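Trainee: First, the structure itself, so that you have it in front of you.
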Amino acid sequence: MKIRDFLGRFFGDYQLRDDEDIFGVGFVNSLFAMQLVLFIEKEFGITVGNEDLSLANFRSIGAMAELIERKRSGG
Amino acid sequence: MALPEAQSPVEPPENQQQRLARCRALIEREIRPRADACDAEGRLPDELPVMLGREGLCGLVVPEGQGGRPVDPITYGLIHEQLGAACAATRAVLTVHDMVAAAIGRWASPEQQADWLPRMARGETLGAFALTEPEVGSDAKAIRTEAVRSGDGFSLHGSKRWITAGQIAHLFLVLARCDEKPTAFLIPRGTPGLTIEPLAPPLGLRAAMLAELHFADCRIPAGWMLGPVGSGLNHVAAAALDLGRYGVAWGCVGLIRACLEAATRRARTRVQFDVPIREHQLIQGLIAEMAVDLKAARELAMAAGRLRQSGDPDGVIATCTAKYFAARAAMHAGQTAVQILGAEGCAAGSPVQRYLRDAKVMEIIEGSNQLQQVMIATDALQRQGRL
């Protein structure tokens, strides 16, 4: 829900599905990826490392939730 | 001597105050007195990086564990304000060094960090950021420099232009297309296939030691890639430029302060029509505009600093906003200071004509004013639910 709320600022009224490619719907600019990483780190208390920078980890709400869960469980 | 109202009014966190005081003293002792000569000669003293490193100024964003002496974002900004008021070219060189160090600290492998960061903190290795190309500026994703897979590593082809500190840097953070995706590489000076061509000093930041880099079958090992393939722009360069914009914003605050100090000094001592020109209301109007711009620019930079300190994603746009306003205000302050000093302000060797030329460059580097406007407007529209 927190991820969806954050993304809502960029995507307005557009209803994102959990598995929808957020980079594919054309709403974001070059600063977005950095803002997204900062948000995830601050909100969920994890550190995104260079090993996590695969686009697959940030492509959808579901993928980000999985990354956060994995990082929180020490994976 | 600075006017009381032109001093930084906001104290940094207590544990950083002594550090800031030492940095300010160093800047006033070693950097400000040389600034006009550096500008005239179009170069910085050879010993500058190591001297700055000895004083901890090359390790402001390097973790303590890697030999750095990091400071919080507010203290970082106040140091850059002082640098900006003293010598914008020195500030620019330190900023690109910090951009590279921060990128390594954030996204490099532990081996790369151990290899580079301690040397960078000491000033023995000066970093430079190589994104811009002869045909590519604001549209960074259009970079043409290519990293082609070759054996166990890569072969780079292409050119980079307007590279601050390129003439003296020891390590370049280079953005290139790899597998058609923007990717960052760390390439040391002296790598075969890399040639460095000094550029003539430009309009402003004349001592920033600009260079053009040429890569011709420049073969590098795979271990010199910084971050994964495809992360070069959105993560590595974006974060580096974000820090660069923050440094530029504070540097512009320093420029405005320097303009205000020079203009008020002149207004007190220059007599025309039998009175000091400070008594003429049109001069007072010009000074008032500079004073208000100084306060506004500093508040925007402080607001960005506070958000950065807490890791808030809103710090990114706050930094764009601060950079945009401060650069524009610095340009205005430079014009005003030259106007108040008149012919003296236009004279060769006058600091205020240097401030004006440096301010113009501030409106272009680390994202032009127009690019900042696009970012700020997009954010404003998003917040209003229009996008």
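One line per chain: the protein sequences are A and B, in this order. All residue numbers for the first sequence refer to my numbering, where the first residue is 48 and numbers rise by one. All residue numbers for the second sequence refer to my numbering, where the first residue is 32 and numbers rise by one. Note that the Cβ used here is the ideal one computed from N, Cα and C, for glycine as well. Please read all numbers here as calculations on a predicted model, not as lab measurements.
Considering just the uninterrupted stretch of the alpha helix (DSSP H) at Pro101/B, what are its terminal residues?
Mentor: First-last for Pro101/B: undefined, no H or E at that position.
Trainee: According to DSSP, is Thr214/B part of a helix, a strand, or is it coil?
Mentor: Thr214/B falls in the strand class under three-state DSSP.
Trainee: To the nearest angstrom, how far is it from the Cα of Pro232/B to the Cα of Phe53/A?
Mentor: Cα to Cα, Pro232/B sits roughly 45 angstroms from Phe53/A.
Trainee: Considering just the uninterrupted stretch of the alpha helix (DSSP H) at Ile314/B, what are its terminal residues?
Mentor: Where Ile314/B is concerned, the enclosing alpha helix (DSSP H) stretches over 312-340.
Trainee: Apart from the five residues on each side of it in sequence, which residues of its chain come closer than 6 angstroms, Cβ to Cβ, to Gly275/B?
Mentor: Once the five neighbours on either side are set aside, the close Cβ partners of Gly275/B are Thr126, Met130, Glu397.
Trainee: Do you know whose CA, among Ala357/B, Asn400/B, Ala132/B, Leu291/B, lies nearest Val284/B's CA?
Mentor: Closest by alpha carbon: Ala357/B.
Trainee: Name the one or two DSSP bridge partners that Lys208/B has.
Mentor: Residue identity check: residue 208/B is Arg in the sequence provided, not Lys. Answer by DSSP bridge pairing, in chain order: Glu177/B, Pro213/B.
Trainee: Mind checking whether Val260/B and Lys191/B have CB atoms under 8 angstroms apart?
Mentor: No, these two residues do not count as a Cβ contact at 8 angstroms.
Trainee: Between Val392/B and Gly235/B, how many whole angstroms is the CB-CB distance? I'm expecting something under 8 angstroms.
Mentor: Correct: roughly 4 angstroms between the Cβ atoms.
Trainee: Kindly list the residues whose CB is nearer than 8 angstroms to the CB of Leu34/B, restricted to its own chain and excluding five residues on each side of it in sequence; keep chain order.
Mentor: Model confidence at Leu34/B stands at a pLDDT of 37, short of 50, so the residue's coordinates are unreliable; what they give is reported in the following sentence. Closer than 8 angstroms at Cβ, skipping near neighbours: Leu291, Glu292, Thr295.
Trainee: Which chain A residues are close to Met130/B, counting only those with a beta carbon under 8 angstroms from its beta carbon?
Mentor: By Cβ distance, chain A contributes nothing, its closest Cβ being about 13 angstroms from Met130/B, past 8 angstroms.
Trainee: Starting from the C-beta of Trp255/B, find all residues in its chain whose C-beta is less than 6 angstroms away, skip the five residues before and the five after it, and write them out in chain order.
Mentor: For Trp255/B, where only same-chain residues beyond five positions count, the Cβ hits under 6 angstroms are Phe216, Leu217.
Trainee: Ala196/B and Ala159/B: beta carbons closer than 8 angstroms?
Mentor: Contact: yes.
Trainee: Quick check: Ile199/B and Thr222/B, are their CB atoms within less than 8 angstroms of each other?
Mentor: Contact flag unset, no.
Trainee: From Pro80/B to Ile69/A, what distance separates their C-alpha atoms?
Mentor: If you take the alpha carbons of Pro80/B and Ile69/A, they lie about 43 angstroms apart.
Trainee: How about Pro40/B: is its C-beta nearer than 8 angstroms to some C-beta of chain A?
Mentor: Any reading at Pro40/B needs caution, since the residue's pLDDT is 45, under 50, leaving its predicted position unreliable; the model's value is listed next. Not closer than 8 angstroms to any Cβ of chain A, the Cβ of Pro40/B fails to qualify, so no.
Trainee: Specify the secondary structure class of Thr226/B as computed by DSSP and reduced to three states.
Mentor: In the structure shown, Thr226/B sits in a strand (DSSP, three-state: E or B).
Trainee: Name the chain A residues whose beta carbon is nearer than 8 angstroms to that of Asp343/B?
Mentor: The contacting residues are Leu85, Lys89.
Trainee: Counting only Cβ pairs nearer than 8 angstroms, list the residues of chain A close to Met406/B.
Mentor: Residues of chain A passing the Cβ test: Asn76, Leu78.
Trainee: Quick one: what's got a C-beta closer than 6 angstroms to Ala37/B's C-beta in the same chain, skipping five residues either side?
Mentor: Its pLDDT being 41, under 50, Ala37/B is placed unreliably in this model, and the coordinates cannot settle the point.
Trainee: Would you please state the rounded distance, in angstroms, between the beta carbons of Ala298/B and Ile308/B? I believe it to be under 8 angstroms.
Mentor: About 5 angstroms separates the two Cβ atoms, so the contact holds.
Trainee: Who are the Cβ neighbours of His266/B in its own chain at under 8 angstroms, not counting the five residues just before and after it?
Mentor: Correct list, in chain order: Trp138, Gly258.
Trainee: Are the region 405-417 of chain B and the region 336-355 of chain B touching by the rule of at least three beta carbon pairs closer than 8 angstroms?
Mentor: A contact exists between the region 405-417 of chain B and the region 336-355 of chain B.
Trainee: Output needed in chain order: residues of the region 89-103 of chain A with a Cβ under 7 angstroms from some Cβ in chain B.
Mentor: Answer set for the region 89-103 of chain A: Lys89, Asn97, Leu100, Ser101, Leu102.
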